[in-house]
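Visitor: Before anything else, here's the structure in question.
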Amino acid sequence: MNTNQTIDSNSITAEQNIFLTDSLLKRIQTNIHNSRTGELIVGIVSYSIIILLSIIGNVIVVTAICRVQRLRHPTNFILMSLAIADLLVTTTVMIPGFIYKIKQKWIFGQVFCNIWVANDITFCTASILHLVAVSFDRYVAIENPLKYKQKMTKGMIFIIIGCIWLISVLLSYGPVLLGVYSQSKTTGNLSNSTECGMRPNRIYSIISSSTSFYIPLIIILFLYGRIFITARKHSHELQKLENIIKRLHSNDKFVFENAKWNKNIKAIRTLGIVVGVFVVCWLPFFVMYLLLAYCDYKCVSPHVELYITWI
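In structure tokens form, the structure reads like this:
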């Protein structure tokens, strides 16, 4: 009798444990699902805001330069081309990537996967190289203002813009569409056609990151360093000249030149902020980009990779 009761008691305990285990597993699965749903909602809202602001902001820049006569200065054509590059990043790279992350699978096919990756490299590279062009333009304006208009003509600006786009396209479409940049023969995952991603080999990682970021970064920092040194030198000279003129007499021409120089100083500060944001946003990605290629994409978690990629 006691033996039967013990067996029944053990059976009930086992059934209770199974029930509790199942209940706990369901609760954990529910919490994980709710957590992922919350992350997805936050991601969708944040990403949508970024895409919307990017489209509106860049469309305003392009429209303003095209429609406002006084903004059709050769230098502003660089800014317009930069806005177009950023707009193309948003529409042809970020939006398909947004859909990819929501669906958790690539739904556009292998051909567009290759085009998507090529567009990503092309337009991001073009965006960075435009910042080099803007830095060079400001460098010429500050270093040699008297010859600025002779050097930075409309023709020269168009040559610079053309070279930017040519370098960007050659760096991306050729290697990507020929499949020579990737660790595998195609850009997408060979075992799963619903996946699409960038898995460049080590050689291409060095070439592309150097061309797209590291060399431009060195050039930008050098140019901005020269601009800063020249600006400080000119500021000291203007301050001395201003003190002399104040003691002697008023000079309207000097007031005009001083106002013009203050405008240049404001442009330098703006450029400094842009360069700072550029380094903060792009440096983590390109460090990770090289690191992943040399550790066979195993040293960085997918979540960290995703966050750094779209920061």
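Going letter by letter, the sequence shown gives residues 845 to 1155 in the numbering used here.
Ideal Cβ placement from N, Cα and C applies to all residues, glycine included.
Under the rule that 16 or more other beta-carbon atoms within 10 Å means buried, what is Val1148, buried or exposed?
Guide: On the sequence shown, residue 1148 is found 304 positions in, with the first residue counted as 1. So Val1148 ends up on the exposed side.
Visitor: For the alpha helix (DSSP H) holding Glu1149, just list the boundary residues, first then last.
Guide: Sequence index remark: in the sequence shown, residue 1149 carries index 305 (1-based). Its alpha helix (DSSP H) spans residues Pro1146 to Thr1153.
Visitor: Relative to the alpha-carbon of Phe956, which residue among Ser1037, Ile1047, Ala927 and Phe921 has its alpha-carbon at the smallest distance?
Guide: For the purposes of this step, residue 956 is identified with residue 112 of the sequence shown, where counting begins at 1. Phe956 has its Cα closest to that of Ser1037, out of Ser1037, Ile1047, Ala927 and Phe921.
Visitor: Return yes when the Cβ of Ser925 is within less than 8 Å of the Cβ of Thr966, no when it is not.
Guide: Position 122 of the sequence shown, counting from 1, holds the residue named residue 966. Position 81 of the sequence shown, counting from 1, holds the residue named residue 925. No, the pair does not count as a contact, with Cβ atoms beyond the cut-off.
Visitor: Which of the three DSSP states, helix, strand or coil, is assigned to Ser1026?
Guide: Numbered from its first residue, the sequence shown carries residue 1026 at position 182. Strand at Ser1026.
Visitor: Scan the stretch 884–945 and note each continuous alpha helix (DSSP H) run of 4 residues or more that stays entirely inside, going in chain order.
Guide: Listed in chain order, they are 918–933.
Visitor: Counting along the chain, where does the alpha helix (DSSP H) carrying Asn963 start and finish?
Guide: Locating residue 963 in the sequence shown gives position 119, where the first residue counts as 1. Residues Gly953 to Glu987.
Visitor: Helix, strand or coil: how does DSSP classify Cys1139 here?
Guide: Translated into the one-based positions of the sequence shown, residue 1139 becomes position 295. Looking at Cys1139 - three-state DSSP - the assignment turns out to be coil, as it is neither helix nor strand.
Visitor: Can you tell me whether Pro1060 is buried or exposed, with buried defined as 16 or more other CB within 10 angstroms of its CB?
Guide: Numbered from its first residue, the sequence shown carries residue 1060 at position 216. Buried is the call here.
Visitor: Mark Ser1052 as exposed unless 16 or more other C-beta atoms lie within 10 angstroms of its C-beta, in which case mark it buried.
Guide: Translated into positions along the sequence shown, residue 1052 becomes position 208. Ser1052 should be labelled buried.
Visitor: Since I believe Val976 is in contact with Ile1064 (beta carbons under 8 Å), could you give me their beta-carbon distance rounded to a whole number of angstroms?
Guide: Here the question's residue 1064 lines up with position 220 in the sequence shown. Here the question's residue 976 lines up with position 132 in the sequence shown. Confirmed, Cβ separation roughly 6 Å.
Visitor: Considering only residues of the same chain and omitting the five flanking positions on each side of Leu973, which have a CB-CB separation below 7 Å?
Guide: The residue you call residue 973 lines up with position 129 of the sequence shown. For Leu973, where only same-chain residues beyond five positions count, the Cβ hits under 7 Å are Ile1008, Ile1011, Ser1012 and Pro1060.
Visitor: Between which two residues does the alpha helix (DSSP H) holding Gln994 run?
Guide: Within the sequence shown, residue 994 is the residue found at index 150, counting from 1. Start and end: Tyr992 to Lys995.
Visitor: Mind reading off the beta-carbon distance from Leu1067 to Tyr1151? Whole number of angstroms is fine, and I expect it under 8 Å.
Guide: Numbered from its first residue, the sequence shown carries residue 1067 at position 223. Numbered from its first residue, the sequence shown carries residue 1151 at position 307. Contact flag wrong, Cβ pair sits at about 31 Å.
Visitor: Using CA atoms only, rank isn't needed, just tell me which of Ser1049, Leu1135, Phe942 and Val905 is closest to Cys1040.
Guide: In the sequence shown, the residue the question calls residue 1040 occupies position 196. Comparing Cα positions, the closest option is Phe942.
Visitor: I'd like to know whether the C-beta atoms of Ser971 and Asp930 end up nearer to each other than 8 Å.
Guide: Here residue 971 corresponds to residue number 127 of the sequence shown, with the count starting at 1. Here residue 930 corresponds to residue number 86 of the sequence shown, with the count starting at 1. In contact: Ser971 and Asp930 (Cβ atoms closer than 8 Å).
Visitor: For Val903, is the classification buried or exposed, using 16 other Cβ atoms within 10 angstroms of its Cβ as the cut-off for buried?
Guide: Indexing the sequence shown from 1 puts residue 903 at position 59. Counting Cβ neighbours within 10 Å, Val903 comes out exposed, since fewer than 16 surround it.
Visitor: Tell me which residue opens and which closes the alpha helix (DSSP H) that Tyr1048 is part of.
Guide: Within the sequence shown, residue 1048 is the residue found at index 204, counting from 1. Looking at the DSSP string, the run of the alpha helix (DSSP H) that includes Tyr1048 is Arg1046 to Ser1053.
Visitor: Looking at Ile986: is its Cβ nearer than 8 Å to the Cβ of Thr1074?
Guide: For the purposes of this step, residue 986 is taken as residue 142 along the sequence shown, with counting starting at 1. For the purposes of this step, residue 1074 is taken as residue 230 along the sequence shown, with counting starting at 1. A contact, by the Cβ cut-off of 8 Å.
Visitor: Using the C-alpha atoms, what's the distance from Gln954 back to Gly1069?
Guide: What you label residue 1069 is simply residue 225 of the sequence shown in a count that begins at 1. What you label residue 954 is simply residue 110 of the sequence shown in a count that begins at 1. Cα-Cα distance, rounded: 45 Å.
Visitor: Let me make sure I understand the geometry here. Which of Thr881, Lys1142, Val1118 and Thr1055 has the alpha-carbon closest to that of Lys945?
Guide: Indexing the sequence shown from 1 puts residue 945 at position 101. The shortest Cα separation from Lys945 among Thr881, Lys1142, Val1118 and Thr1055 belongs to Thr881.
Visitor: Below 6 Å CB to CB, which residues in the same chain sit around Asn875 once its five sequence neighbours on both sides are set aside?
Guide: The residue you call residue 875 lines up with position 31 of the sequence shown. For Asn875, the predicted structure reports a pLDDT of 49, less than 50, and the residue's modelled location is therefore unreliable. The matter cannot be settled from this model.
Visitor: Considering only C-alpha positions, which residue in the set Tyr1141, Ile939, Ala1137 and Phe921 is nearest to Ile888?
Guide: Indexing the sequence shown from 1 puts residue 888 at position 44. Among Tyr1141, Ile939, Ala1137 and Phe921, the Cα nearest to that of Ile888 belongs to Ile939.
Visitor: Alpha carbon to alpha carbon, how far is Ile1050 from Val912?
Guide: Here residue 1050 refers to the residue found at position 206 when the sequence shown is read from its first residue. Here residue 912 refers to the residue found at position 68 when the sequence shown is read from its first residue. For Ile1050 and Val912, the distance between alpha carbons rounds to 42 Å.
Visitor: Here's a check: name, in chain order, each residue in its chain whose Cβ is nearer than 6 Å to the Cβ of Leu932, leaving out the five neighbours to either side.
Guide: Walking along the sequence shown from the start, residue 932 turns up at place 88. Excluding residues within five positions, the ones whose Cβ falls inside 6 Å are Phe967.
Visitor: When we look at the beta-carbon of Thr907 and count the other beta-carbons within 10 Å, is it buried (16 or more) or exposed?
Guide: Your numbering for residue 907 matches position 63 in the sequence shown. With fewer than 16 Cβ atoms within 10 Å of its Cβ, Thr907 is classed as exposed.
Visitor: Give me the Cα-Cα distance between Cys1143 and Leu1135, rounded to the nearest whole angstrom.
Guide: What you label residue 1143 is simply residue 299 of the sequence shown in a count that begins at 1. What you label residue 1135 is simply residue 291 of the sequence shown in a count that begins at 1. Cα-Cα distance, rounded: 8 Å.
Visitor: What's the C-alpha gap between Ile1001 and Thr1153?
Guide: As a working mapping, residue 1001 is identified with position 157 in the sequence shown. As a working mapping, residue 1153 is identified with position 309 in the sequence shown. In a straight line, the C-alpha of Ile1001 is about 31 Å away from that of Thr1153.
Visitor: Is the distance from the Cβ of Ser1056 to the Cβ of Thr997 below 8 Å?
Guide: Numbered from its first residue, the sequence shown carries residue 1056 at position 212. Numbered from its first residue, the sequence shown carries residue 997 at position 153. Going by C-beta atoms, Ser1056 is not nearer than 8 Å to Thr997.
Visitor: Distance check for Lys995 and Leu923, CA to CA, integer angstroms please.
Guide: Along the sequence shown, read from residue 1 onward, the residue named residue 923 stands at position 79. Along the sequence shown, read from residue 1 onward, the residue named residue 995 stands at position 151. If I take the Cα positions, the gap works out to 18 Å.
Visitor: Distance check for Asn958 and Thr935, CA to CA, integer angstroms please.
Guide: Stepping through the sequence shown from its first residue, residue 935 is reached at position 91. Stepping through the sequence shown from its first residue, residue 958 is reached at position 114. Approximately 16 Å, taken between the alpha carbons.
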